[in-house]
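Undergrad: Per our numbering, residue 5 is the first one in the sequence shown, and the count goes up by one each step.
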Amino acid sequence: MKVKTAFIVGLPFCALLSMVLFAQSASSTRDGVYTADQAEQGHVLYTKQCALCHDAAQQSAGQIPPLTGDTFLQNWNGQTVADLYGKIQTTMPSTHPGSLKPDEVAQLVAYILSLNNYPAGKTPLPTKPESLQTIHIEMPLSGAQ
Ligand code: HEC
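Below is the structure:
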């Protein structure tokens, strides 16, 4: 009897606690998860290392997937920033995969988020997978550029 009572009392408490914890740790790309500085640094890197392939002409010719706009957002909607970070870190630039430092990957992700009209915030995008996994990619409120 006692065990059962403890269970009945404990269950809503656990549910409440996990809701509070979830609300604190989970966020979305709409919440300002990178800084404007980071995106600027990412822009410089992007021009040097990515634009060669991911430029407007090649992207619209269908040779290279675009990193902005509906197709890109639909690919990534529902995944987390850890997935996008991991994709870049392990496969890009495709001529030299694995060559980017963690900070550089975060800057590139920040730049790509800025291109897709996600707002900048006060805290830099982290590089730890555990932290990145809590940031969900959602469609931006104002649409892509
Ligand atoms: C030599 C050409 C080349 C370069 C340089 C390059 N990419 Fe790519 N990228 C590709 C190709 C081809 C694909 C599609 C195949 C794939 O997903 O691996 C791709 C796919 C991607 C994707 C996945 C897009 C999607 O929606 O699935 C991301 C993100 C990306 N690249 C980011 C980058 C970043 C950031 C850089 C610069 C550090 C970069 N790429 C440099 C050729 C390139």
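Here a beta-carbon is modelled for each residue, glycine too, at the ideal position from N, C-alpha and C.
Please write down, chain order preserved, every residue whose beta carbon lies under 7 Å from a heavy atom of the ligand HEC.
TA: The filter returns 49, 50, 53, 54, 56, 57, 58, 68, 69, 71, 76, 79, 80, 88, 91, 92, 95, 96, 97, 98, 99, 104, 112, 116, in chain order.
Undergrad: Would you identify the three-state DSSP class for residue 140, choosing helix, strand or coil?
TA: Against the sequence shown, residue 140 aligns to sequence position 136. In this structure, residue 140 counts as strand in the three-state DSSP scheme.
Undergrad: Would you decide whether residue 43 is buried or exposed? Buried here means 16 or more other CB atoms lie within 10 Å of its CB.
TA: One-based indexing of the sequence shown puts residue 43 at position 39. Buried.
Undergrad: What's the gap between the Cα of residue 141 and the Cα of residue 32?
TA: Your numbering for residue 141 matches position 137 in the sequence shown. Your numbering for residue 32 matches position 28 in the sequence shown. Answer to the nearest angstrom: the Cα atoms are 6 Å apart.
Undergrad: Whole angstroms is fine: what's the gap from residue 131's alpha carbon to residue 52's?
TA: The count along the sequence shown starts at 1 and reaches residue 131 at position 127. The count along the sequence shown starts at 1 and reaches residue 52 at position 48. If I take the Cα positions, the gap works out to 21 Å.
Undergrad: Are at least three pairs of beta-carbons, each pair with one atom in the segment 71-84 and one in the segment 92-107, less than 8 Å apart?
TA: no
Undergrad: If I follow the unbroken alpha helix (DSSP H) through residue 52, where does it start and stop?
TA: Along the sequence shown, one-based indexing puts residue 52 at 48. Taken as a continuous stretch (DSSP letters only), the alpha helix (DSSP H) holding residue 52 covers 40-53.
Undergrad: Assuming residue 71 contacts residue 116 under a Cβ cut-off of 8 Å, what Cβ separation, rounded to an integer in Å, is found between them?
TA: Taking the first residue of the sequence shown as 1, we reach residue 71 at position 67. Taking the first residue of the sequence shown as 1, we reach residue 116 at position 112. Residue 71 to residue 116, Cβ: 5 Å. Contact.
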